[in-house]
Amino acid sequence: MITIGILALQGAFAEHQTRLQNLRLKHKITAPLVKTPEDLQRCDALIIPGGESTTIALLARLSGLLEPLKEFIRVKPVWGTCAGAILLSQSVTNAKKDGQELLGGIDVDIARNGWGSQVESFEAPLDVNGLSDPSVPFTGIFIRAPVVLGLSTDAPIRIIARLPPHLLPEPIDDPNDPRTIVALRQGLHLLTTFHPELTQDDRFHDYFARHLCDCGGRRTLSCFATSTNNNLVIADVSISIRTAHSPPRKMLSGVLLALSVLGSLAGTNARKMMTKAELHARQAEAAKRFQRIPRANAPATPKVKNITFTNPKASAAVSLIAPLEFYVDGTTIPEVDFDVGPSWSGLLPISSDPNETRKLFFWFFPPGPEGSLDDLIFWTNGGPGCSSLEGLLQENGPFSWSWGTAKPIVNVNSWTNLSSILYLEQPVGTDDLASQVVGFMQQFLEVFSELKGKKLYVSGESVDIANFIYENPTLLDLSLQGIWIADPVLGWDVVQSEIPVVDFVRKYQNVFAFNNSFMAELDAIAAKCNYAGYYEKFATFPPAGPLPLPGKSTSADRGCDIWETVFEAALVKNPAFNIYRIFDTFPILWDVLGFPGSFENIQLAPLYFDRADVKKAIHAPANVQWSECSDVNVFPRGDASLPSSFTVLPNVIEKSPRTVIVHGLADFILIAEGARNGLQGFQTPIQDDSFLVDGVGPLGTAHTERNLTFLEVELSGHMTPQFSPLAAFQSMQFLMGFRSTP
Numbered sequence: 001m002i003t004i005g006i007l008a009l010q011g012a013f014a015e016h017q018t019r020l021q022n023l024r025l026k027h028k029i030t031a032p033l034v035k036t037p038e039d040l041q042r043c044d045a046l047i048i049p050g051g052e053s054t055t056i057a058l059l060a061r062l063s064g065l066l067e068p069l070k071e072f073i074r075v076k077p078v079w080g081t082c083a084g085a086i087l088l089s090q091s092v093t094n095a096k097k098d099g100q101e102l103l104g105g106i107d108v109d110i111a112r113n114g115w116g117s118q119v120e121s122f123e124a125p126l127d128v129n130g131l132s133d134p135s136v137p138f139t140g141i142f143i144r145a146p147v148v149l150g151l152s153t154d155a156p157i158r159i160i161a162r163l164p165p166h167l168l169p170e171p172i173d174d175p176n177d178p179r180t181i182v183a184l185r186q187g188l189h190l191l192t193t194f195h196p197e198l199t200q201d202d203r204f205h206d207y208f209a210r211h212l213c214d215c216g217g218r219r220t221l222s223c224f225a226t227s228t229n230n231n232l233v234i235a236d237v238s239i240s241i242r243t244a245h246s247p248p249r250k251m252l253s254g255v256l257l258a259l260s261v262l263g264s265l266a267g268t269n270a271r272k273m274m275t276k277a278e279l280h281a282r283q284a285e286a287a288k289r290f291q292r293i294p295r296a297n298a299p300a301t302p303k304v305k306n307i308t309f310t311n312p313k314a315s316a317a318v319s320l321i322a323p324l325e326f327y328v329d330g331t332t333i334p335e336v337d338f339d340v341g342p343s344w345s346g347l348l349p350i351s352s353d354p355n356e357t358r359k360l361f362f363w364f365f366p367p368g369p370e371g372s373l374d375d376l377i378f379w380t381n382g383g384p385g386c387s388s389l390e391g392l393l394q395e396n397g398p399f400s401w402s403w404g405t406a407k408p409i410v411n412v413n414s415w416t417n418l419s420s421i422l423y424l425e426q427p428v429g430t431d432d433l434a435s436q437v438v439g440f441m442q443q444f445l446e447v448f449s450e451l452k453g454k455k456l457y458v459s460g461e462s463v464d465i466a467n468f469i470y471e472n473p474t475l476l477d478l479s480l481q482g483i484w485i486a487d488p489v490l491g492w493d494v495v496q497s498e499i500p501v502v503d504f505v506r507k508y509q510n511v512f513a514f515n516n517s518f519m520a521e522l523d524a525i526a527a528k529c530n531y532a533g534y535y536e537k538f539a540t541f542p543p544a545g546p547l548p549l550p551g552k553s554t555s556a557d558r559g560c561d562i563w564e565t566v567f568e569a570a571l572v573k574n575p576a577f578n579i580y581r582i583f584d585t586f587p588i589l590w591d592v593l594g595f596p597g598s599f600e601n602i603q604l605a606p607l608y609f610d611r612a613d614v615k616k617a618i619h620a621p622a623n624v625q626w627s628e629c630s631d632v633n634v635f636p637r638g639d640a641s642l643p644s645s646f647t648v649l650p651n652v653i654e655k656s657p658r659t660v661i662v663h664g665l666a667d668f669i670l671i672a673e674g675a676r677n678g679l680q681g682f683q684t685p686i687q688d689d690s691f692l693v694d695g696v697g698p699l700g701t702a703h704t705e706r707n708l709t710f711l712e713v714e715l716s717g718h719m720t721p722q723f724s725p726l727a728a729f730q731s732m733q734f735l736m737g738f739r740s741t742p
């Protein structure tokens, strides 16, 4: 096993770790974070991430890592990206006024922020020598990127990627100008001026790991070494790193000791005001308000309202001759130490064709003790390509195993307390997904025919499905009554996700913790790109007309992708920044599904729904590897469809007795203000504090006009049933007519 450490003092180290973890089995590598000299001693190679080079150097000195890093670089492979590339260089221009401490290792001269400030960040396709699948360009992400100004003529340097001159922010006539160099190798080391870790493409990390692992043998890791004729050579390097002992810093130590004493005294005084038991009692009482109160006539002992299905395929009777095809015994679900009740799951085809090979996986639950037998909720997650089993296990299913939870628990806010619910995995290919789902539903109703004639409520990411059902009313023996969607894509990306960014950051300025100079940069981008004042000018009540594009692109013009700018800066401040709920920080919570937040954090293997015993219990295919969201592009040729608010959503709203759109106000991947203004149908403004949650009080806004209700939920992120389950349950009650107001 080879250990590739990631220097974790500042910058995008978590993203590098994620990329390497994807390769851990392929190359037999581990990818620990390096914060101390002792961490460094255990490494065979190192990545120095992008971030702020002067800050990384300062923190390295303060943590006693500076000299061990220099010794490590002298004899072991190191890869520097962006700020890491600066630190590996022999000299730097545009340094800060106090200078720039360097680690050295590569004989190049580099300029900091060579193409300008954050505003001038850009992306470009790169042809890289040595990557797997070389016919596919690698996307280079250049954020305040350094620029190579010159190379030592005596050093055996191999250039492996250049920027085409016509793609440079500043035109250059000479294709051999050193400023076009964006990736190179010298000796043991690799340098890139861009951010490979910010893409979903693992090939650069594969390149680094592959050259380490190809050497074979014990700790034979100098495969990057090059001779003067630029041919690879292999040498055996076996060394130990000496830990540098810095001289005592008595003044600093004294200050830290004084601060710790003052802090402990302050904490003691604070705790004397409230005992631990009193504090816990207060918290327990507050938590009760977020637990749904059962109906007065609900059964004292919770029992599932079981449905008897007559089709033999849905049988619950155990037979040695015909094994159970779909029935799931609620006492046999692995790790669940209570009876979930009967349910049915498995694969069904998407058509009646006897030769049909395309099938969808489902899990159906009958209503709980308070649920209606006359209704059926259909749920599918979005992504696209994300599993609806996540919605079951961590949002609104009858048992819950969410982030940071030690074991499954009963979900008191389960939507089975409203009606039956059908979770459906999809898609199976790139055809018309709505027609696939309806084809599946036809086969589902043939097996579970007792559900025919029920009132249907479509939820999750399902606008196209609802529209298809309305446009083809004879295909299903179900009565579609409404649709519930959370944090949807409604309009152009630039209108929904770019224009509202600066206002969003200002609203949560203490969460993002950006300094004044960076906020001024954001204001400059917003002004340059016509984002500033856009909503005040165009999003009027009643609407004056369709919202115009602020520039030429429906996503973002070049230099105007302010969402990416903020995302990158947020990761610098908070490497655990979660685009689905911005309040999250370290530690990242353990997740049985391996996806707690914005990035995969595999803390166990296999994942819960990839376990053989779980697959067997729920009749899932044993030969399919489960993951919460697929790495395969569901739309490899792109999604050319128009946003739903321009096409299918108006028809769905018109034909549905009720439509509910819910949006978490702490969601950054899709910002609520963009959704609110993207709807473009409301005649009157939305009033603050108008969404009242039972037992809690105001928790956002609620606005209803005609058949559409739009809810904004304070403190909730992207997955409202997970982050604000009581608010989500109440909004679903309203959709189904079980309450008169949301």
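All the letters of the sequence shown, read from the start, carry residue numbers 1 to 742 under the UniProt record's numbering.
All C-beta atoms, glycine included, are put in the ideal place defined by N, C-alpha and C.
Item	Value
Alpha carbons only, please: which of Tyr580, Arg19, Asn94 and Phe710 is nearest the one belonging to Thr741?	Phe710
Kindly indicate which residue of Leu66, Leu478 and Phe208 has the alpha-carbon position closest to the one of Arg24.	Phe208
Going by C-alpha to C-alpha distance, which of Glu705, Thr332 and Leu670 sits closest to Phe504?	Leu670
Do Ser351 and Phe364 have their C-beta atoms closer together than 8 Å?	no
Leaving aside the five residues before and after Thr554 along the sequence, list all residues of the same chain whose C-beta is less than 7 Å from its C-beta, in chain order.	Trp492, Asp493 and Val494
According to DSSP, is Ile469 part of a helix, a strand, or is it coil?	helix
Count the CB pairs spanning the segment 528-535 and the segment 504-513 that are closer than 8 Å, and state whether there are at least three.	no
Along the alpha helix (DSSP H) that carries Ser517, what are the first and last residues, could you check?	Asn516 to Lys528
Taking contact to mean 3 or more Cβ pairs, one atom from each stretch, closer than 8 Å, check whether the segment 533-552 and the segment 481-488 are in contact.	no
Assign Gly170 to one of three DSSP states: helix, strand, or coil.	What sits at residue 170 in the sequence shown is Glu, not Gly. In this structure, Glu170 counts as coil in the three-state DSSP scheme.
Tell me where the alpha helix (DSSP H) around Ile181 begins and ends.	Not the alpha helix (DSSP H): Ile181 falls in the beta strand (DSSP E), residues Ile181 to Gln186.
Among Ala161, Gly697, Lys407 and Asp477, which one has its Cα closest to the Cα of Phe440?	Asp477
Pop quiz: Thr139 and Asp201 are said to be a contact at Cβ under 8 Å. What is the actual Cβ separation, rounded to whole angstroms?	7 Å
Among residues of its own chain, excluding the 5 on either side of Phe682, which ones have a beta-carbon nearer than 7 Å to its beta-carbon?	Phe541, His703 and Glu705
Would you identify the three-state DSSP class for Ile2, choosing helix, strand or coil?	strand
Rounded C-beta distance between Pro398 and Gly341? I'm assuming under 8 Å.	7 Å
Please list, in chain order, all residues of the same chain as Phe122 whose beta carbon is under 6 Å from its beta carbon, the five residues on each side excluded.	Phe142
Where do the ends of the alpha helix (DSSP H) carrying Asp503 lie?	Val501 to Lys507
Compute the Euclidean distance between the alpha carbons of Ile661 and Leu726, then round it to the nearest angstrom.	16 Å
Which residues in the same chain as Ser449 place their Cβ atom closer than 8 Å to its Cβ, once the five residues preceding and following it in sequence are excluded?	Phe309, Thr310 and Asn311
As a quick exercise: from Leu188, Phe72, Pro685 and Ile483, pick the residue whose alpha carbon is nearest that of Leu649.	Ile483
Can you list, in chain order, the residues of its chain whose CB lies under 8 Å from that of Asn306, leaving out five sequence neighbours each side?	Gly341, Pro342 and Pro366
Taking all protein chains shown into account, do 16 or more other C-beta atoms lie within 10 angstroms of the C-beta of Asp688, making it buried, or fewer, making it exposed?	exposed
Whose C-beta lies closer than 8 Å to the C-beta of Ser645 among residues of the same chain, with five residues either side of it excluded?	Leu490, Gly491, Gly678, Leu679 and Gln680
Which same chain residues, not among the five before or five after Ala605, have their C-beta less than 7 Å away from its C-beta?	none
Count the other C-beta atoms from every protein chain shown that fall within 10 angstroms of the C-beta of Lys452, then say buried if there are 16 or more, exposed otherwise.	exposed
Can you list, in chain order, the residues of its chain with a C-beta nearer than 6 Å to that of Thr226? Leave out the 5 residues immediately preceding and following it.	Low confidence applies here, because Thr226 scores a pLDDT of 39, under 50, leaving its location unreliable and the question unanswered by this model.
From Thr565 to Leu198, what distance separates their C-alpha atoms?	12 Å
Look at Tyr423 and Phe338 and say whether their C-beta atoms are less than 8 Å apart.	no
Indicate, with yes or no, if the ligand ZN has a heavy atom lying under 7 Å from the CB of Pro488.	By its list of ligands, the structure shown contains no ligand whatsoever, and the ligand ZN lies outside what it can speak to.
DSSP puts Thr741 in a beta bridge; with which residues?	In the DSSP output, where bridge partners are listed per residue, Thr741 has none listed.
Quickly, what does DSSP pair Thr701 with across the bridge? List them, please.	Glu712
Pick from Gly594, Phe599 and Ser598: whose alpha carbon is nearest that of Asn610?	Note that residue 610 corresponds to Asp in the displayed sequence, not to Asn. Considering only alpha carbons, the answer is Gly594.
Compute the Euclidean distance between the alpha carbons of Ala672 and Ala31, then round it to the nearest angstrom.	37 Å
Could you compute how far the alpha carbon of Arg203 sits from the alpha carbon of Leu131?	6 Å
So the candidates are Leu348, Arg112, Met1 and Ala513; which of them puts its Cα closest to the Cα of Glu446?	Leu348
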